[in-house]
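Trainee: One structure, pasted below without further comment.
Residue numbers (the working numbering), protein chains in the order written: chain A, 21 to 452; chain B, 21 to 452.
Here it is as structure tokens:
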């Protein structure tokens, strides 16, 4: 019996097979994400991995359903495993934002799911760091979230030579669109074409753009211009003040595929261009309004009438591209089982007392290993070496029958003798 | 729009509503689980939250389906959101156990799902620590896993006065059963009745037992005897050697509901009896064999013919009962937003330089907050107090126009002045 196609098993290293993923690397990535998010004052939240289907069709229309891991549950509800976190987060924020001081800075590491029939061999789940800020309309918030993204990638050892943030503006594209097309209901279709421009054959894009009344040339000319808007300039200045100018460039070739972005948008790419985007995000000021009952108003090009209306922005960074990139650059640490102390039980008549030592060591917060069953002394010692133990601890009966405790420093092979377990643990504590 | 019934939203504290759960408490619980598991040398793994339905019906029969969150996916596969982790783990172990040194000691913190139509208001998901040992038949492994369970509960501040491990033996029950009933296919039904004995009306149990040819009196007499088997005695001696005798008692009233247990079984309960079991587990030596193609052999009362056959045992501990218990005992810490340093920007002409200071502080691994937009000095200082910042940092223009850095220790309100950001950060580093 095997796992479902598109799902992953995560094993401890060394990995037993090329077909499985490293639980240690995943843990390292999650811990790094959390550490830098905390450094920026972001707090953790989580929501359900299963949501009403409507939460996703509301903002993206019915066509999204073709990509969802959706089904009808036993209570006849149309539900979907979450394809992204932002709608859940917007729902949570809309419900309780007034209880939190602004700006709200939150992060989460959800597992996300999709089901596209046509793409065999492609993963159907991944984990994604989501970091978002609510309640701040100023572009200083956009700069802050982009800095978090940069610092997270730096924390993995990536530099400005490894990756770049391509910064763009959905607002600039929206203005470009409305100057040329009077029908705002077609805007999303237009953004989708622009989003696919780099991956699609030019002739296909040309045809699609022409169908909407746009010329391929005017679109590519706008991208080539690269002239930052005032808003983007403010973000660039902010990043420069922190010494991050080298990490970012204006690039209108980025527009983001999802419908809900309203302002600055950005994607992080490796400079070598070997991978899909490492991360992406932007400002989505209308989403809480939409989730809390608002409707799109074509005249103002915004959403109106919802119970909650709060400026929102954020990004997502998946674990799959990041893992591949770090692996390629040799930036993933090697992981192996380890222990602080190995308790060697060479005299089985002292097993009870040795177990007491194991417990005392663990109570003192040392990771402690020992052989569950009788084992030759050499094998136990060999295991201590494999586990890169800092010390071994063993008990030995003296001539008078009372046991003594012998501690060996595995780096120096020096030995120390103690008359009680307590004394030995005291020694560990003061020498750790 | 609301979340689905039976699912939880996790918010940062202070909680905005009684209907939501604490993301901070969850993180505290997960971190404690991981910390103690690492102390015992357990390594993390994970598997898919969605599995083929067959993985669960294989060992529990079709009747389990009524409790599963199962559905047919877009590829016409019968799938289920995982109701427990052990079958996934047994699948993973069966696939690659030969690549790992024995005993294999692994843990995971999966989210688990169930869907029982009749139970309104009940949660349909929870998180569960799973810790398991593979490759050790000796009861020293059973003792080790029970010690891990005890130490995890102790790490939350719970004592032998708060909880007890009720230790039993599926093997003892199996012998009890086979002495009185020749039909091993009825064993599981019998265990289920015993499992429900404490929660069911005696008359109902009486009737059910009689239908299988057992008398209620002989069953309750066996439970009352409480005589430990040799195997249980060895476990008790091992626990006593570590000073854990007070945490455990033999109690044949425990048998565990799931079909796959074969040896010692146990459950942790709060001594006041206010809650359902805090944790439960036991030995399930046949499961990898079954998962890898083996079939139940009634003659030997074991599974035979699978590709893999490895001794297995473990336990699960859910987050829901544990959270309720810790809350009741006042053992959950209070959580609030915090920062190491607050950078106060009192002179907006120094915002750029202040941003540079923010970045330098964060690069030095201090969690650092500042106001994204201009804000009155008093409000910024008040925010630093709310965040329990250890220091504030601010820049001030001297008469000659060059800025100096002023660091305030928030505990003593002492101030230090530095001519550069670098010097100030050096001061933080040496005084943290």
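All C-beta atoms in this analysis are idealised placements derived from N, C-alpha and C, irrespective of residue type, glycine included.
Remember, predicted model here, so these are calculated numbers, not experimental data.
1) Cα separation between residue 280 of chain B and residue 307 of chain B?
2) Give, in chain order, every residue of the segment 385-402 of chain A whose Cβ lies closer than 8 Å to some Cβ of chain B.
3) Locate the alpha helix (DSSP H) running through residue 224 of chain B, then write down its first and last residues.
4) Helix, strand or coil, according to DSSP, for residue 46 of chain A in the structure here?
5) Check whether the segment 36-55 of chain A and the segment 100-109 of chain B touch, using three or more Cβ-Cβ pairs below 8 Å as the test.
6) Pick helix, strand or coil for residue 105 of chain B, following the three-state DSSP scheme.
7) Once DSSP output is grouped into helix, strand and coil, what is the label at residue 201 of chain B?
8) Say the cut is 7 Å; is the CB of residue 23 of chain A nearer than that to a heavy atom of the ligand GDP?
9) So if I threshold CB-CB distances at 7 Å, which residues from the segment 290-321 of chain B count as touching chain A?
10) How about residue 61 of chain A and residue 387 of chain B: do their beta carbons lie closer than 8 Å?
11) Should residue 123 of chain A and residue 153 of chain A be called a contact, given that it needs their Cβ atoms to be closer than 8 Å?
12) Per DSSP, what kind of secondary structure is residue 148 of chain A in: helix, strand or coil?
13) Cβ of residue 298 of chain B within 8 Å of Cβ of residue 342 of chain B?
14) Looking at the unbroken alpha helix (DSSP H) that takes in residue 242 of chain A, where does it start and where does it end?
15) Does residue 202 of chain B come within less than 8 Å of chain A when only Cβ atoms are used?
16) Name the DSSP beta bridge partners of residue 100 of chain A, please?
17) Determine the chain A residues that contact residue 382 of chain B at a beta-carbon separation under 8 Å, and present them in chain order.
18) Extract the residue ranges of the beta strand (DSSP E) inside the segment 116-182 of chain B, only unbroken runs of 3 or more that lie entirely within it.
19) Looking at the C-beta of residue 161 of chain B, does it have a partner C-beta in chain A at a distance below 8 Å?
20) Report the rounded CA-to-CA distance for residue 329 of chain A versus residue 406 of chain A, giving the unit in angstroms.
21) Closest by CA to residue 112 of chain A, which one among A:232, A:309, A:48 and A:246?
22) Where do the ends of the alpha helix (DSSP H) carrying residue 343 of chain B lie?
23) Could one say the Cβ of residue 21 of chain A lies closer than 8 Å to chain B's Cβ atoms, at least one of them?
24) In terms of alpha-carbon separation, which member of A:200, A:191 and A:204 lies closest to residue 272 of chain A?
25) Which residue marks the beginning of the beta strand (DSSP E) containing residue 424 of chain A, and which one marks its end?
26) Alpha helix (DSSP H) containing residue 378 of chain A: first to last residue?
27) Give a yes or no on whether the minimum CB-CB distance between residue 51 of chain B and chain A is below 8 Å.
28) So the beta strand (DSSP E) residue 447 of chain B belongs to, where does it begin and stop?
29) Give the interface partners of residue 444 of chain A over in chain B, defined as CB-CB distance under 9 Å, in chain order.
30) Do the CB positions of residue 344 of chain B and residue 295 of chain B come within less than 8 Å of each other?
31) With H, G and I counted as helix, E and B as strand and the rest as coil, what does DSSP make of residue 356 of chain B?
32) Would residue 59 of chain B be called buried (16 or more neighbouring beta carbons within 10 Å of its own) or exposed?
33) What residues of chain B sit near residue 372 of chain A, judged by a beta carbon separation below 7 Å?
34) Does the segment 229-248 of chain A come within contact of the segment 197-214 of chain A, defined as at least 3 CB pairs closer than 8 Å?
35) Helix or strand or just coil, what does DSSP make of residue 276 of chain B?
36) Taking residue 433 of chain B as the reference, which of B:350, B:413 and B:318 has the closest Cα?
Mentor: In terms of the structure at hand:
1) For this step, residue 280 of chain B is matched to residue 260 along the second chain. For this step, residue 307 of chain B is matched to residue 287 along the second chain. About 6 Å.
2) 385, 386, 387, 388, 389, 392 and 393
3) Translated into the one-based positions of the second chain, residue 224 of chain B becomes position 204. From DSSP, the alpha helix (DSSP H) with residue 224 of chain B extends over 222-231.
4) On the first chain, residue 46 of chain A is found 26 positions in, with the first residue counted as 1. For residue 46 of chain A, the three-state secondary structure derived from DSSP is helix.
5) no
6) Residue 105 of chain B sits at position 85 when you count from the first residue of the second chain. Residue 105 of chain B falls in the coil class under three-state DSSP.
7) Reading the second chain from its first residue, position 181 is the one you call residue 201 of chain B. In this structure, residue 201 of chain B counts as coil in the three-state DSSP scheme.
8) Ligands in the displayed structure: none, and consequently the ligand GDP is not present.
9) 311
10) By one-based count along the first chain, residue 61 of chain A stands at place 41. By one-based count along the second chain, residue 387 of chain B stands at place 367. Yes, they are a contact pair.
11) Within the first chain, the letter at position 103 stands for residue 123 of chain A. Within the first chain, the letter at position 133 stands for residue 153 of chain A. Cβ distance < 8 Å, so residue 123 of chain A and residue 153 of chain A count as in contact.
12) Here residue 148 of chain A corresponds to residue number 128 of the first chain, with the count starting at 1. Looking at residue 148 of chain A - three-state DSSP - the assignment turns out to be strand.
13) Stepping through the second chain from its first residue, residue 298 of chain B is reached at position 278. Stepping through the second chain from its first residue, residue 342 of chain B is reached at position 322. Cβ distance < 8 Å, so residue 298 of chain B and residue 342 of chain B count as in contact.
14) If you number the first chain from 1, residue 242 of chain A lands on position 222. 236-245 is the span of the alpha helix (DSSP H), which, as asked, contains residue 242 of chain A.
15) Sequence index remark: in the second chain, residue 202 of chain B carries index 182 (1-based). By this cut-off, residue 202 of chain B is not an interface position.
16) Residue numbering aside, residue 100 of chain A sits at position 80 when the first chain is read from its first letter. According to DSSP, which records beta bridges pairwise, residue 100 of chain A is partnered with A:71 and A:90.
17) The residue you call residue 382 of chain B lines up with position 362 of the second chain. Per Cβ cutoff of 8 Å: 59, 60 and 171.
18) 124-128, 131-133 and 145-154
19) Along the second chain, read from residue 1 onward, the residue named residue 161 of chain B stands at position 141. Yes, residue 161 of chain B lies at the interface with chain A (some Cβ there is under 8 Å from its Cβ).
20) For this step, residue 329 of chain A is matched to residue 309 along the first chain. For this step, residue 406 of chain A is matched to residue 386 along the first chain. One C-alpha to the other measures close to 57 Å.
21) Sequence index remark: in the first chain, residue 112 of chain A carries index 92 (1-based). When each option's Cα is compared against that of residue 112 of chain A, the closest is A:309.
22) Reading the second chain from its first residue, position 323 is the one you call residue 343 of chain B. Unbroken alpha helix (DSSP H) run through residue 343 of chain B: 339-348.
23) Taking the first chain and counting its residues from 1, one reaches residue 21 of chain A at position 1. Closer than 8 Å to some Cβ of chain B, the Cβ of residue 21 of chain A qualifies, so yes.
24) The residue you call residue 272 of chain A lines up with position 252 of the first chain. Ranked by how close their Cα comes to the Cα of residue 272 of chain A, the residues A:200, A:191 and A:204 have A:191 in first place.
25) Taking the first chain and counting its residues from 1, one reaches residue 424 of chain A at position 404. Taken as a continuous stretch (DSSP letters only), the beta strand (DSSP E) holding residue 424 of chain A covers 423-429.
26) The sequence position of residue 378 of chain A within the first chain is 358, counting from 1. Element bounds for residue 378 of chain A: 371-383.
27) The sequence position of residue 51 of chain B within the second chain is 31, counting from 1. Closer than 8 Å: no.
28) The residue given as residue 447 of chain B occupies position 427 in the second chain. Where residue 447 of chain B is concerned, there is no enclosing beta strand (DSSP E), although the alpha helix (DSSP H) it sits in stretches over 441-451.
29) Counted from its first residue, the first chain places residue 444 of chain A at position 424. Result: empty, since nearest Cβ-Cβ is about 16 Å, beyond 9 Å.
30) In the second chain, the residue the question calls residue 344 of chain B occupies position 324. In the second chain, the residue the question calls residue 295 of chain B occupies position 275. In this structure, residue 295 of chain B lies closer than 8 Å to residue 344 of chain B by Cβ.
31) Sequence index remark: in the second chain, residue 356 of chain B carries index 336 (1-based). The answer is coil: DSSP assigns residue 356 of chain B none of H, G, I, E or B.
32) The residue given as residue 59 of chain B occupies position 39 in the second chain. Buried, since its Cβ has 16 or more Cβ neighbours within 10 Å.
33) The sequence position of residue 372 of chain A within the first chain is 352, counting from 1. Result: 261.
34) yes
35) The residue given as residue 276 of chain B occupies position 256 in the second chain. Coil at residue 276 of chain B, not helix or strand.
36) Walking along the second chain from the start, residue 433 of chain B turns up at place 413. Taking only the C-alpha atoms, the option nearest residue 433 of chain B is B:413.
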